[in-house]
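Protein chains in written order, with the numbering used here: chain A, 2 to 359; chain B, 2 to 359. Just so you know, even glycine gets a beta-carbon here, dropped at the ideal spot from N, CA and C. Report on one structure; see the data block that follows.
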């Protein structure tokens, strides 16, 4: 645990926000104005982000600087007008506490110096509470909350265990996840050990994020869609469900959002994870999903590439999405992260269209 | 048209094969033994392939050498025991006849020297019959047919127009297809011009493949799954359907297979393309698909990474697939191309398991 915890808000006390539309929608209440945020909203498409990013040759040093984390976390609230901030961090911050060294290279993305290539190393990985090595994340949460005041909620997050495992085993980004899936198909018991440990670490990590101030938790299992339904259900689903159950047991009032990219085939399973909100990528027809799951709150799902179009075209697409949503509570978002070359004006056009047409 | 056409089999004459199980299944007849082939079966996992490949520093020179094409096309029939040969070629052979220069680089894959970045260039692209520049493909078909004799059918193929367009616009492989999708969202009329021209060229190309001897046609629209259902249906589907209708109008007896990777959400649309067979990747539960489409013939759909497991584990997975197929006609295959580091013994174990348990 971090040594000095400056009195976070007690977990059970209601937190009042000037703009609580995202919390309202996440809990199934119709907000006065539809809420919207943007995956990767604190990021490369913003000039002010790039200015801060340029201070750090090493990306993880940036993640480890709570003052700068808080600065970029709130930029999109001020500049784009979104209804929530999401902590600026990375799903791979869990790797060093688990004994894996990772660095972010300009062109290649994350590169793990000692990827998992040995069953004995997997068996010896730590699990449980590794939060004492993640104090910089929690300090970033506290500073972000302070900077936000009571304007909008703060979203904390972690990667889903399958997605984080993919980087640990592949050693970086990968086209097929062939090494991790080879492990899954050849030695499912070793795969299960790895996913189980990651789930345990992630559960402790996310609950501490709530204790330190996160108002909403998102689990980004971005690459779960690489799995077929049988493998997802038997080998990943129970672990993600356990993480969510742990959070809900301790913090029943904190909404949990589950997101996966490229996984329309897994929606029936995601709907049973116990998450309050399911983030959809753009592959799913939102109207179909709403009809198939009449009680489920969804988040999404404009194609990130739609933001290349003109503000007028963007507004027309938002209008079509809103027609599909109809009278349901919904959290508007892109179907995946905003692309780095999107003009900020186009991001604002998306947010404004959601707000204005409510 | 190629100048010298050595008397191909008349299109309407029945072609007799010692092993016609793939044609039987494709046309809904229950073959005595279930048919199986492997996407990318003529390729890097075979030592004899690598020996031939090493003769050509330039990959396209290899594709343009009909004798070597025929040699590697029939290797998996002899060495792995598959029930069909697929012509060794590449979906990007259409680029040079359309005026785009492409080369294959060892690490990066295909790189287009003059990708499409200008609407006027797209407007000026040729369409229609460019077959006179593709004589080497047709010669490869004729030599492959000769080498195969009447053992098994030969599959010809082309890329789907969206997938081929992605390379033409992106300039190579791409993580998001952001340039092509930017075009789609911003200037759909220009996107439609491009897809329409590709469909026209592809239709002529595939029908000539049949005239020269291809017994089955596959359309590989590998990246169609990057599109949401609305965009696929309105902007790609009509063009692919037109290609298939053209083939079926001229050669009603030639089965057409449509394949896309990562597109479980588009299956309802693929089912209306007019294809005889739909190739499924591993993301779709085969039993669910068979139940949802009681009249449809499917191909697939073992996860390519399942071939990393032991021959015994592979046999167990094939057994489970066969239990889902039950009494339906079905073409067994992987859900995507075989990975280059799969041991040939494992590919044989897959094929043998399909055959033995029939």
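Rank the options by C-alpha distance to the C-alpha of residue i and give the top, closest one.
{"i": "residue 175 of chain A", "options": "A:232, A:111, A:218 and A:187", "result": "A:111"}
{"i": "residue 294 of chain B", "options": "B:269, B:302, B:274 and B:189", "result": "B:269"}
{"i": "residue 257 of chain B", "options": "B:81, B:282 and B:158", "result": "B:158"}
{"i": "residue 343 of chain A", "options": "A:321, A:319, A:333 and A:304", "result": "A:304"}
{"i": "residue 337 of chain A", "options": "A:274, A:81, A:282 and A:348", "result": "A:282"}
{"i": "residue 78 of chain A", "options": "A:186, A:322, A:229 and A:41", "result": "A:41"}
{"i": "residue 215 of chain B", "options": "B:244, B:154 and B:224", "result": "B:154"}
{"i": "residue 225 of chain A", "options": "A:237, A:219 and A:38", "result": "A:237"}
{"i": "residue 287 of chain B", "options": "B:96, B:334 and B:276", "result": "B:334"}
{"i": "residue 34 of chain A", "options": "A:218, A:339, A:340 and A:328", "result": "A:328"}
{"i": "residue 137 of chain B", "options": "B:217, B:91 and B:326", "result": "B:91"}
{"i": "residue 164 of chain A", "options": "A:148, A:152, A:54 and A:259", "result": "A:259"}
{"i": "residue 192 of chain A", "options": "A:290, A:265, A:120 and A:346", "result": "A:120"}
{"i": "residue 245 of chain A", "options": "A:221, A:266, A:274 and A:230", "result": "A:274"}
{"i": "residue 150 of chain A", "options": "A:96, A:17 and A:28", "result": "A:17"}
{"i": "residue 292 of chain A", "options": "A:28, A:325, A:45 and A:49", "result": "A:325"}
{"i": "residue 223 of chain B", "options": "B:250, B:251 and B:267", "result": "B:267"}
I need the straight-line Cα distance from residue i to residue j, nearest angstrom please.
{"i": "residue 59 of chain A", "j": "residue 170 of chain A", "result": "22 Å"}
{"i": "residue 36 of chain A", "j": "residue 311 of chain A", "result": "22 Å"}
{"i": "residue 349 of chain A", "j": "residue 81 of chain A", "result": "5 Å"}
{"i": "residue 139 of chain A", "j": "residue 212 of chain A", "result": "9 Å"}
{"i": "residue 234 of chain B", "j": "residue 263 of chain A", "result": "18 Å"}
{"i": "residue 114 of chain B", "j": "residue 106 of chain B", "result": "12 Å"}
{"i": "residue 313 of chain B", "j": "residue 276 of chain A", "result": "38 Å"}
{"i": "residue 76 of chain A", "j": "residue 199 of chain A", "result": "31 Å"}
{"i": "residue 39 of chain B", "j": "residue 179 of chain A", "result": "17 Å"}
{"i": "residue 356 of chain B", "j": "residue 31 of chain B", "result": "14 Å"}
{"i": "residue 205 of chain A", "j": "residue 133 of chain A", "result": "11 Å"}
{"i": "residue 253 of chain B", "j": "residue 278 of chain B", "result": "14 Å"}
{"i": "residue 1 of chain B", "j": "residue 71 of chain B", "result": "Chain B is shown only over 2 to 359; residue 1 of chain B falls outside these bounds and no answer can be derived."}
{"i": "residue 240 of chain B", "j": "residue 218 of chain B", "result": "16 Å"}
{"i": "residue 209 of chain B", "j": "residue 307 of chain A", "result": "38 Å"}
{"i": "residue 167 of chain A", "j": "residue 201 of chain A", "result": "17 Å"}
{"i": "residue 144 of chain A", "j": "residue 188 of chain A", "result": "43 Å"}
{"i": "residue 347 of chain A", "j": "residue 89 of chain A", "result": "21 Å"}
{"i": "residue 96 of chain A", "j": "residue 271 of chain A", "result": "25 Å"}
{"i": "residue 73 of chain B", "j": "residue 340 of chain A", "result": "41 Å"}
{"i": "residue 255 of chain B", "j": "residue 28 of chain B", "result": "9 Å"}
{"i": "residue 265 of chain A", "j": "residue 230 of chain A", "result": "10 Å"}
{"i": "residue 69 of chain B", "j": "residue 345 of chain B", "result": "20 Å"}
{"i": "residue 4 of chain A", "j": "residue 67 of chain A", "result": "Note that residue 4 of chain A has pLDDT 44, beneath the 50 cutoff, so the model's placement of it is unreliable and no number is given."}
{"i": "residue 221 of chain A", "j": "residue 129 of chain B", "result": "46 Å"}
{"i": "residue 323 of chain A", "j": "residue 203 of chain B", "result": "38 Å"}
{"i": "residue 49 of chain B", "j": "residue 117 of chain B", "result": "37 Å"}
{"i": "residue 319 of chain B", "j": "residue 190 of chain A", "result": "21 Å"}
{"i": "residue 289 of chain A", "j": "residue 280 of chain B", "result": "24 Å"}
{"i": "residue 11 of chain B", "j": "residue 43 of chain B", "result": "The predicted model places residue 11 of chain B with a pLDDT of 45, which falls under 50 and marks its position as unreliable; any figure quoted below should be read in that light. So the alpha carbons of these two residues sit roughly 27 Å apart."}
Looking at residue j and residue i, is the spacing between their C-beta atoms short of 9 Å?
{"i": "residue 194 of chain B", "j": "residue 142 of chain B", "result": "no"}
{"i": "residue 197 of chain B", "j": "residue 261 of chain B", "result": "no"}
{"i": "residue 131 of chain B", "j": "residue 104 of chain B", "result": "no"}
{"i": "residue 228 of chain A", "j": "residue 284 of chain B", "result": "yes"}
{"i": "residue 135 of chain A", "j": "residue 94 of chain A", "result": "yes"}
{"i": "residue 152 of chain A", "j": "residue 19 of chain A", "result": "yes"}
{"i": "residue 156 of chain A", "j": "residue 207 of chain A", "result": "no"}
{"i": "residue 173 of chain A", "j": "residue 242 of chain A", "result": "no"}
{"i": "residue 146 of chain B", "j": "residue 309 of chain A", "result": "no"}
{"i": "residue 65 of chain B", "j": "residue 54 of chain B", "result": "no"}
Just checking my contact of residue i with residue j at CB under 8 Å: how many whole Å lie between their CB atoms?
{"i": "residue 316 of chain B", "j": "residue 354 of chain B", "result": "4 Å"}
{"i": "residue 331 of chain A", "j": "residue 299 of chain A", "result": "6 Å"}
{"i": "residue 184 of chain A", "j": "residue 232 of chain A", "result": "Going by Cβ atoms, the distance from residue 184 of chain A to residue 232 of chain A rounds to 12 Å, so no, they are not a contact pair."}
- Does the pairing of the segment 84-91 of chain A with the segment 15-25 of chain A give three or more beta-carbon distances under 8 Å? With a cut-off of 8 Å on Cβ pairs, the segment 84-91 of chain A is in contact with the segment 15-25 of chain A, counting three or more such pairs.
- Query: Okay, do the segment 92-102 of chain B and the segment 123-134 of chain B touch, 3+ Cβ pairs below 8 Å being the bar?
  - Reply: With the cut-off at 8 Å, the segment 92-102 of chain B and the segment 123-134 of chain B touch.
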